[in-house]
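*Asks:* Those letters in the sequence shown? Residues 5 to 377, by the working numbering. Using N, Cα and C, we set each Cβ at its ideal position, and we do this for glycine too. A quick note: this is a predicted structure, and the numbers were derived from the prediction, not measured. One structure coming up, written as structure tokens, with questions to follow.
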Amino acid sequence: MKIAVLKERAAGETRVAATPETVKKFSALGAEMAIETGAGAGASIPDDQFDAAGATLGDAAATVKGADIVLGVQGPDPALLAGARPGAWIVAGLDPFAQRARIDAYAGAGLEALAMEFMPRITRAQSMDILSSQSNLAGYKAVLEAANAYGRAFPMMMTAAGTISAAKVFVMGVGVAGLQAIATARRLGGQVSATDVRSATREQIQSLGAKPVFVENVAGIEGEGAGGYATEMSEEYQKAQAELVSSHIAKQDIVITTALIPGRAAPRLVTDDQIATMKPGSVIYDLAVAQGGNVEGSVADQTVERHGVKLIGYANTPTHLAADASALFARNLYNFLSAFWDKEAGRPVLDEEIGDAVRLTKGGKVVHERLLG
5 MKIAVLKERA AGETRVAATP ETVKKFSALG AEMAIETGAG AGASIPDDQF
55 DAAGATLGDA AATVKGADIV LGVQGPDPAL LAGARPGAWI VAGLDPFAQR
105 ARIDAYAGAG LEALAMEFMP RITRAQSMDI LSSQSNLAGY KAVLEAANAY
155 GRAFPMMMTA AGTISAAKVF VMGVGVAGLQ AIATARRLGG QVSATDVRSA
205 TREQIQSLGA KPVFVENVAG IEGEGAGGYA TEMSEEYQKA QAELVSSHIA
255 KQDIVITTAL IPGRAAPRLV TDDQIATMKP GSVIYDLAVA QGGNVEGSVA
305 DQTVERHGVK LIGYANTPTH LAADASALFA RNLYNFLSAF WDKEAGRPVL
355 DEEIGDAVRL TKGGKVVHER LLG
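Here it is as structure tokens:
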């Protein structure tokens, strides 16, 4: 059983799908680990650390040759996988909806593609969930970047020269990223409020010491979709939410938006008219900018100034914390494969519940129901 890890080639991607820690763990299961030279450089993991952990290093072709499993942060170019064994597994964040042509190419090459972002949100799969581990870091980083772009202090400061008021921070979308954004903003001393379409998040917001801001007495407030994700709201709810946000956002110094709906463009949460009501020098960090953006006018990896307000957001926020993001991502992959490791077979054997949830291709065909029809 050979497990290969290639250097990530997507623009700006600095993470790596294995660490010396997971190399040792896979080796203990009996796997042969092959790492492409330089794969960990962006995450501050030099080749000698992989070598010391027991991995074999080489170029891309040598790394993939004879591989039974290829691990990645993002899906590797199918052309790089020519030397892998027939039916080899590709285990990575595959972005199936945006990268459909690549998924079709995996199928055509007879590879079995397993999309880690399709991991079901069930208790036994929590340690395998790349979306949660990476979103947690993204929420943290979003607040730090917003604080850096904000031209004032974050906490309240009482000085001999007078008092500086705490920054008012509004978090829109209270999933994993939003909760970490709330916690981070609170630790920095901000005055934090938050909103979400899912009423169940109210207690989570309060537990972190933030003020919940919710639409009341409007049908559809539950907003709970499959797997804990939000769903699209009724027109009545969207109108009520827009009015509530407009009155609240005008008083904020920093806004963090985190709303995503799997397989669809990011919902628009903040309009240009709402931006115009904010104070000059305010900052909005759009965590969904790569999926179309929650904020009108935001552009990935650029600072855009509208009405005196700075709009910022990285296309790939976790990669700006590459060492920690890689460590968590690599553990997610190890936790996934090791949970199904069959000692007699010397390889992982997936069950139906999780296997069918993440498997995109098999036997030369695209098999996932969300990609068919």
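#1: State the DSSP-derived secondary structure class of Gly-367, mapped to helix, strand or coil.
#2: Which runs of the beta strand (DSSP E) at least 3 residues long sit entirely within the segment 300-349? Give them in chain order.
#3: Helix, strand or coil, according to DSSP, for Val-95 in the structure here?
#4: Below 8 Å on the Cβ atoms is my contact criterion, and I expect Gly-46 with Ala-326 to pass it. Report the Cβ-Cβ distance as a whole number of Å.
#5: Rounded to whole angstroms, what's the CA-CA distance from Leu-98 to Leu-376? Just pull it up for me.
#6: Would you list the residues sitting across from Gln-195 in a DSSP beta bridge?
#7: Starting from Ala-8, follow its DSSP beta bridges and name the residues at the other end.
#8: Taking 8 Å as the cut-off, does the segment 190-202 touch the segment 274-287 (at least 3 CB pairs, one atom from each stretch)?
#9: So is Gln-130 buried or exposed if we call it buried at 16+ other beta carbons inside 10 Å?
#10: Can you tell me whether Ile-49 is helix, strand or coil according to DSSP?
#11: Assuming Val-74 and Ser-330 form a contact by the criterion Cβ under 8 Å, report the distance between their Cβ atoms to the nearest whole angstrom.
#12: Is there contact between the segment 100-113 and the segment 358-372, where contact requires at least three CB pairs shorter than 8 Å?
#13: For Met-132, does the count of other Cβ atoms within 10 angstroms reach 16, so buried, or fall short, so exposed?
#14: Here's a check: name, in chain order, each residue in its chain whose Cβ is nearer than 6 Å to the Cβ of Phe-174, leaving out the five neighbours to either side.
#15: Would you mind reading off the limits of the alpha helix (DSSP H) that contains Tyr-241?
#16: Sorted by chain position, which residues of the same chain lie with C-beta nearer than 6 Å to Phe-122's C-beta, five sequence neighbours on each side aside?
#17: Ordered along the chain, which non-local residues of its own chain (more than five positions away) have a Cβ less than 7 Å from that of Arg-272?
*Replies:* Answer, in terms of the structure:
#1: Taking the first residue of the sequence shown as position 1, residue 367 is located at position 363. It is coil, neither helix nor strand.
#2: 308-310 and 313-316
#3: As a position in the sequence shown, residue 95 is number 91, starting the count at 1. The answer is strand: DSSP assigns Val-95 an E or B state.
#4: Taking the sequence shown and counting its residues from 1, one reaches residue 46 at position 42. Taking the sequence shown and counting its residues from 1, one reaches residue 326 at position 322. That pair is a contact at about 5 Å.
#5: Sequence index remark: in the sequence shown, residue 98 carries index 94 (1-based). Sequence index remark: in the sequence shown, residue 376 carries index 372 (1-based). Between Leu-98 and Leu-376, the C-alpha separation is close to 16 Å.
#6: Sequence index remark: in the sequence shown, residue 195 carries index 191 (1-based). Note: Gln-195 sits in a beta bridge opposite Lys-172.
#7: Walking along the sequence shown from the start, residue 8 turns up at place 4. Beta-bridge pairing links Ala-8 to Ala-38 and Val-74.
#8: The segment 274-287 makes no contact with the segment 190-202, as fewer than three CB pairs between them are under 8 Å.
#9: As a working note, residue 130 is residue 126 in the sequence shown. Per the 10 Å Cβ criterion, exposed.
#10: Here residue 49 refers to the residue found at position 45 when the sequence shown is read from its first residue. If DSSP states are grouped into helix, strand and coil, Ile-49 belongs with coil.
#11: As a first step, residue 74 is located in the sequence shown; it is residue number 70 there, counting from the start. As a first step, residue 330 is located in the sequence shown; it is residue number 326 there, counting from the start. Their Cβ separation, rounded to whole angstroms, is 16 Å, which puts Val-74 and Ser-330 out of contact at 8 Å.
#12: yes
#13: The residue labelled residue 132 in the question sits at position 128 within the sequence shown. Classification of Met-132: buried, given that the 10 Å Cβ count is 16 or more.
#14: As a first step, residue 174 is located in the sequence shown; it is residue number 170 there, counting from the start. Closer than 6 Å at Cβ, skipping near neighbours: Ser-197, Gln-256 and Val-259.
#15: Within the sequence shown, numbered from 1, the residue matching residue 241 stands at position 237. Here the alpha helix (DSSP H) through Tyr-241 covers 239-253.
#16: Taking the first residue of the sequence shown as position 1, residue 122 is located at position 118. When the five nearest sequence neighbours on each side are left out, the beta carbons in the same chain lying within less than 6 Å of the beta carbon of Phe-122 are those of Ala-361 and Val-362, in order along the chain.
#17: Taking the first residue of the sequence shown as 1, we reach residue 272 at position 268. So the qualifying residues of the chain are Asn-298 and Glu-300.
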